[in-house]
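Everything in the sequence shown is counted per my numbering, starting at 9 for the first residue and increasing by one. Take a look at the structure below.
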Amino acid sequence: MRVFPPALATLPPIVPEMSMTESNRPGSVTAVQVAGATALLDLRAATDADEAFLRAVYAEARAEEVTAFGWPPAEVRAFLTIQFDAQRRHLRAVYPDSVDAIVVVDGVPAGRLWTDRGADAVTVIDLALLARHRGAGTGGRLLRDLQADAAARGVPVRLQVLRTSRARHLYERLGFRPVPTTGQSEDHQRLALRWTPPGPAEWTAAAGTPGRLAGLPALVLDCSVPLVQGPYERYGVRFRVPADAALGRGTYRVEHRAVGAVDVSVVPTAHTPEGLVLTATFVRGVGPRD
Numbered sequence: 009m010r011v012f013p014p015a016l017a018t019l020p021p022i023v024p025e026m027s028m029t030e031s032n033r034p035g036s037v038t039a040v041q042v043a044g045a046t047a048l049l050d051l052r053a054a055t056d057a058d059e060a061f062l063r064a065v066y067a068e069a070r071a072e073e074v075t076a077f078g079w080p081p082a083e084v085r086a087f088l089t090i091q092f093d094a095q096r097r098h099l100r101a102v103y104p105d106s107v108d109a110i111v112v113v114d115g116v117p118a119g120r121l122w123t124d125r126g127a128d129a130v131t132v133i134d135l136a137l138l139a140r141h142r143g144a145g146t147g148g149r150l151l152r153d154l155q156a157d158a159a160a161r162g163v164p165v166r167l168q169v170l171r172t173s174r175a176r177h178l179y180e181r182l183g184f185r186p187v188p189t190t191g192q193s194e195d196h197q198r199l200a201l202r203w204t205p206p207g208p209a210e211w212t213a214a215a216g217t218p219g220r221l222a223g224l225p226a227l228v229l230d231c232s233v234p235l236v237q238g239p240y241e242r243y244g245v246r247f248r249v250p251a252d253a254a255l256g257r258g259t260y261r262v263e264h265r266a267v268g269a270v271d272v273s274v275v276p277t278a279h280t281p282e283g284l285v286l287t288a289t290f291v292r293g294v295g296p297r298d
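What follows is the structure, given as structure tokens:
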């Protein structure tokens, strides 16, 4: 997905002037609602000093799985050490430009986010939180930031999850869908998931359903029929937020079950008794046409 070249663009592009692209890179600080309070969510690059912590995160992530083996504690520790070392060697070879980051919540290390931002996709190599930090919205915030980053670049987000993992429900709520395995042997333990930035079909399917825009309740009203201009198409999506919403022209985060999280540039286009109507106009490349 490409953005209209500046010389041709006359409407707000799908890539906003200021996106959340940097919000999930090491050194960034954002806020996340945790148990009714605002917690600071930070990412920093992992260093050699984090070795013991990363191993502890890995061990907790696989605790339920290895408990089922019925092994003595010493054998479990030895197994996890071997698995951790082998996995890290393999993944570093596969993703040499990846970034391994420590998730920090209110100044305390809480987990790991290991990602690769390739030319064709954002790959979540590993996202794991310590048990005491799960279920508080941290994982969802990290994934939504990754989705917004990917949408700004016009690429999908890819990850794998254990078929029995409870995290699978979170991914599905954020719009991740199984990757077809046609012509490939099926993995009976892990499931490959992918989230793709929404286009006209996804927005049209979301019409009439609720989500959030800039943290406010928002209804996706409709999506216009795409207007094709050479290798590009242009279409608009209308949202309705509460009438007293103090939102003007700008770039805001949209979160919706059907499309995931996307940063969109909107302009107010109508005030109705039901609420304030905002319109986002997207221009994206659709490849060569006959």
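Where is the CB? At the ideal position from N, CA and C, for every residue including glycine. Everything numeric in this text was worked out from a predicted model, so none of it was measured.
C-alpha distance - A266 paired with A139, whole-angstrom precision | Position 258 of the sequence shown holds residue 266. Position 131 of the sequence shown holds residue 139. Those two C-alpha atoms are separated by around 28 angstroms.
Whole angstroms is fine: what's the gap from L88's alpha carbon to E210's?
-> As a working note, residue 88 is residue 80 in the sequence shown. As a working note, residue 210 is residue 202 in the sequence shown. Answer to the nearest angstrom: the Cα atoms are 41 angstroms apart.
Euclidean distance between Cα positions of L255 and A82 = Position 247 of the sequence shown, counted from the first residue, corresponds to residue 255. Position 74 of the sequence shown, counted from the first residue, corresponds to residue 82. Whole-angstrom Cα-Cα distance: 58 angstroms.
Closest residue to A127 among A109, P164 and V116 (Cα-Cα distance) = Here the question's residue 127 lines up with position 119 in the sequence shown. That would be P164, whose Cα lies nearest to the Cα of A127.
N- and C-terminal bounds of the beta strand (DSSP E) containing P117 | One-based indexing of the sequence shown puts residue 117 at position 109. Taken as a continuous stretch (DSSP letters only), the beta strand (DSSP E) holding P117 covers V116 to R125.
Does the count of Cβ pairs from the segment 196-211 and the segment 274-286 closer than 8 angstroms reach three?
-> no
Runs of beta strand (DSSP E) lying entirely within the segment 152-208, each at least 3 residues, in chain order | 165-170 and 198-203
Exposed or buried, what is H141 when buried is set at 16 or more other beta-carbons lying within 10 Å of its beta-carbon?
-> Taking the sequence shown and counting its residues from 1, one reaches residue 141 at position 133. Label assigned to H141: buried.
Contact between the segment 214-221 and the segment 244-263 (3+ Cβ pairs under 8 angstroms) = yes
Euclidean distance between Cα positions of T8 and T287 | Here the chain covers residues 9 to 298 and nothing more, so residue 8 does not appear.
Inter-residue spacing [alpha-carbon to alpha-carbon] between A159 and R152 = The sequence position of residue 159 within the sequence shown is 151, counting from 1. The sequence position of residue 152 within the sequence shown is 144, counting from 1. Each residue's Cα considered, the two are about 10 angstroms apart.
Under the assumption that I133 contacts T146 (Cβ atoms under 8 angstroms), give the Cβ distance between them as a whole number of angstroms.
-> As a position in the sequence shown, residue 133 is number 125, starting the count at 1. As a position in the sequence shown, residue 146 is number 138, starting the count at 1. Contact between I133 and T146 does not hold, since the beta-carbon distance rounds to 18 angstroms and is not under 8 angstroms.
Taking the C-alpha atoms as reference points, what is the distance between L178 and P225?
-> On the sequence shown, residue 178 is found 170 positions in, with the first residue counted as 1. On the sequence shown, residue 225 is found 217 positions in, with the first residue counted as 1. Rounded to the nearest whole angstrom, the CA to CA distance from L178 to P225 is 20 angstroms.
Using 10 angstroms around the beta-carbon of H264, count the other beta-carbons present and answer buried if the total reaches 16, otherwise exposed.
-> Indexing the sequence shown from 1 puts residue 264 at position 256. Looking at its Cβ environment, which holds 16 or more other Cβ atoms inside 10 Å, H264 is buried.
Any idea if R77 is buried or exposed, counting beta-carbon neighbours within 10 angstroms, 16 or more meaning buried?
-> Here residue 77 refers to the residue found at position 69 when the sequence shown is read from its first residue. The sequence shown places Phe at residue 77, not Arg. By the 10 Å Cβ count, F77 comes out exposed.
Tell me, please, whether the CB atom of T212 is closer than 8 angstroms to any CB atom in chain D?
-> Among the chains of the structure shown, chain D does not appear; only one protein chain is present.
If L201 and L167 are in contact, beta carbons under 8 angstroms, what's the gap, nearest whole angstrom?
-> Locating residue 201 in the sequence shown gives position 193, counting from the first residue. Locating residue 167 in the sequence shown gives position 159, counting from the first residue. Indeed, because the Cβ distance is near 6 angstroms, the residues count as touching under 8 angstroms.
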